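Using this note's numbering, you'd call the opening residue of the sequence shown number 475 and step up by one each time. C-beta: ideal position from N, C-alpha, C; glycine also. Computed from a predicted model, the values in this text were never measured in an experiment. Here is the structure we will look at, set down as structure tokens.
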Amino acid sequence: MRRLRILHIGEYVVGGMATYLNEVVGYQREFFDVYLLMSDYNSASDFDLEPDHILRYKYTRHPKYFFAAMRQIHQAIKSIQPDIIHIHSSFAGILARGLFFIFPQKASVFYCSHGWAFLMDTKPLYRKGYFLIEKLMEYKTDVIVNISKYELEQSLRLGLSASKSKLVYNGIREREASDFIPLNKSSEETDIIQLLFVGRYDRQKGLDIVLDMFKKHPELQQHIRLYVIGDTVLEDKVWEFPENIIRLGWVNNAEIDRYYQQCDAVIMPSRWEGFGLVAIEAMKNRKPVIGSSRGALPELIQHGESGYIFDIEHSHELLNILKNLDKAELVAMGEAGYAIYKDKFNASRMNEEIVGLYYEAFTGASVQEIPVTSRLEFSKRAGDAHD
Numbered sequence: 475m476r477r478l479r480i481l482h483i484g485e486y487v488v489g490g491m492a493t494y495l496n497e498v499v500g501y502q503r504e505f506f507d508v509y510l511l512m513s514d515y516n517s518a519s520d521f522d523l524e525p526d527h528i529l530r531y532k533y534t535r536h537p538k539y540f541f542a543a544m545r546q547i548h549q550a551i552k553s554i555q556p557d558i559i560h561i562h563s564s565f566a567g568i569l570a571r572g573l574f575f576i577f578p579q580k581a582s583v584f585y586c587s588h589g590w591a592f593l594m595d596t597k598p599l600y601r602k603g604y605f606l607i608e609k610l611m612e613y614k615t616d617v618i619v620n621i622s623k624y625e626l627e628q629s630l631r632l633g634l635s636a637s638k639s640k641l642v643y644n645g646i647r648e649r650e651a652s653d654f655i656p657l658n659k660s661s662e663e664t665d666i667i668q669l670l671f672v673g674r675y676d677r678q679k680g681l682d683i684v685l686d687m688f689k690k691h692p693e694l695q696q697h698i699r700l701y702v703i704g705d706t707v708l709e710d711k712v713w714e715f716p717e718n719i720i721r722l723g724w725v726n727n728a729e730i731d732r733y734y735q736q737c738d739a740v741i742m743p744s745r746w747e748g749f750g751l752v753a754i755e756a757m758k759n760r761k762p763v764i765g766s767s768r769g770a771l772p773e774l775i776q777h778g779e780s781g782y783i784f785d786i787e788h789s790h791e792l793l794n795i796l797k798n799l800d801k802a803e804l805v806a807m808g809e810a811g812y813a814i815y816k817d818k819f820n821a822s823r824m825n826e827e828i829v830g831l832y833y834e835a836f837t838g839a840s841v842q843e844i845p846v847t848s849r850l851e852f853s854k855r856a857g858d859a860h861d
């Protein structure tokens, strides 16, 4: 009897996507034969899988590479013969599911966009085109995994399949932090608010909104020190940083908790956000989140309790929040956020729900029909399903 064979397919697996997939494959490898296939360009390298189960295809995000990438993905599927194919992100969804119109699959096909492109803050014509692509690809998808209620409700409102659509909130596990001390703060800075931004330098993540705020209001730097983790991914734009803002580049996933732990609050000025993994990473580390009112962030952040919500179209809202930050209040908010994380956004809950959907798809039995006394028992049931 061989265990169920799971193939995860991604495109650029870096940042939040890498964090998410590490949580998923690290759990699933205990019960399934798990493989991860992703671009050889702009993807992370530290995954909790056997080296021969981590596969890469030659690719960069340009049409001239698409067909070659599809051919490599097809070859990997033929070689692995997975029982379940779980596809992550819009471009990977097009590459892999596009194949299935030519080469039908026996495997159950799961797809998670990790943020619908048709909900982006972009031209209406583009959003319409993105939706039509997703609607077409839906025909080669068995289960559509949404990462927030916002994403689920909006996709159903526009016309994606209700019977195929499911909701699984992202989750992350608590880990013992390393002894690495990343932020060297002087004794004179004890009253300074240490504010952290984590993410790509692009329009979606809204770093420019924060930088513009500090440029227009230099007095903020009298009581706030901004640290920026991340870098550009695709854009050629030159980013100008005000003086005293500290750029840290990308940080190894094993060390990033230390940065969260040493800051006082995390800022997420996103223009759109399918979920907001950075928010729950902050909450896990008992840090409040100052987030925009876009996408799923209001589902994660309770305004005035675990952080603050502001409208990016009204800059005075963010300015007032930043001017009135208080360390004692931030500590209390961080504790409230940690309680929310433990209740709703832990990795065990996420992994149980994903495996439950696998079990339903593979056996046709509803998870609710199966008595489950523990996470381990349930995972073993799913792992042994392929007799």
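Please classify residue i: does DSSP put it in a helix, a strand, or coil?
{"i": "R674", "result": "coil"}
{"i": "S637", "result": "coil"}
{"i": "M757", "result": "helix"}
{"i": "M512", "result": "strand"}
{"i": "I666", "result": "coil"}
{"i": "G748", "result": "coil"}
{"i": "D817", "result": "helix"}
{"i": "D507", "result": "strand"}
{"i": "I646", "result": "strand"}
{"i": "Y604", "result": "helix"}
{"i": "L478", "result": "coil"}
{"i": "L799", "result": "coil"}
{"i": "L573", "result": "helix"}
{"i": "I775", "result": "coil"}
{"i": "K679", "result": "coil"}
{"i": "R535", "result": "coil"}
{"i": "D429", "result": "Coverage of the chain is limited to positions 475 through 861, which leaves residue 429 absent and any answer about it impossible."}
{"i": "P556", "result": "coil"}
{"i": "N496", "result": "helix"}
{"i": "F521", "result": "coil"}
{"i": "G567", "result": "helix"}
{"i": "T837", "result": "helix"}
{"i": "G490", "result": "helix"}
{"i": "A770", "result": "coil"}
{"i": "C712", "result": "Per the sequence presented here, residue 712 reads as Val, with Cys not at that position. Residue state, collapsed to three classes: coil."}
Do residue j and residue i come within 8 Å of each other at the CB atom, strictly closer than that value?
{"i": "G750", "j": "S780", "result": "no"}
{"i": "I480", "j": "V508", "result": "yes"}
{"i": "I746", "j": "M594", "result": "The sequence given here has Trp at residue 746, not Ile. Yes. Within cutoff."}
{"i": "G765", "j": "I783", "result": "yes"}
{"i": "E773", "j": "I646", "result": "no"}
{"i": "N759", "j": "Q735", "result": "yes"}
{"i": "S563", "j": "H536", "result": "no"}
{"i": "I703", "j": "Y675", "result": "no"}
{"i": "S417", "j": "R721", "result": "Residue coverage of the chain in this structure runs from 475 to 861, which leaves residue 417 outside it and unanswerable."}
{"i": "F506", "j": "R477", "result": "yes"}
{"i": "Y533", "j": "Y515", "result": "yes"}
{"i": "G484", "j": "M512", "result": "yes"}
{"i": "K609", "j": "F574", "result": "no"}
{"i": "A550", "j": "L569", "result": "no"}
{"i": "I719", "j": "L796", "result": "no"}
Round the Cβ separation of residue i and residue j to the nearest angstrom and send it over; I've been treating them as touching at under 8 Å.
{"i": "M544", "j": "G572", "result": "6 Å"}
{"i": "L670", "j": "V740", "result": "5 Å"}
{"i": "I667", "j": "D738", "result": "5 Å"}
{"i": "K623", "j": "L641", "result": "6 Å"}
{"i": "M824", "j": "N644", "result": "6 Å"}
{"i": "F584", "j": "I559", "result": "7 Å"}
{"i": "V617", "j": "L793", "result": "Contact flag wrong, Cβ pair sits at about 43 Å."}
{"i": "S639", "j": "L632", "result": "About 11 Å separates the two Cβ atoms, so there is no contact after all."}
{"i": "F715", "j": "L694", "result": "Actually they do not touch by this definition, with Cβ atoms about 14 Å apart."}
Spell out the partners DSSP gives residue i in its beta bridges.
{"i": "G765", "result": "M742 and I783"}
{"i": "C586", "result": "H562"}
{"i": "Y613", "result": "Beta-bridge pairing links Y613 to no other residue."}
{"i": "N620", "result": "L641"}
{"i": "L529", "result": "L511"}
{"i": "Y701", "result": "L670 and I720"}
{"i": "I483", "result": "L511 and I561"}
Chain D beta carbons: is any one of them nearer than 8 Å to that of residue i?
{"i": "R503", "result": "Although the question refers to chain D, the structure presented lacks it and comprises just one protein chain."}
- Item | Segment contact flag, the region 544-562 with the region 578-592, C-beta cutoff 8 Å, min 3 pairs | Three or more Cβ pairs closer than 8 Å define a contact, and the region 544-562 meets that threshold against the region 578-592.
- May I ask you to verify whether the region 492-500 touches the region 516-526, counting CB pairs closer than 8 Å and requiring at least 3? Judged by Cβ distances under 8 Å, the region 492-500 makes contact with the region 516-526, as three or more pairs qualify.
- Item | Cβ pair count under 8 Å reaching 3, the region 711-729 against the region 785-798 | A contact between stretches requires three or more CB pairs, one per stretch, nearer than 8 Å, and the region 711-729 fails this requirement with the region 785-798.
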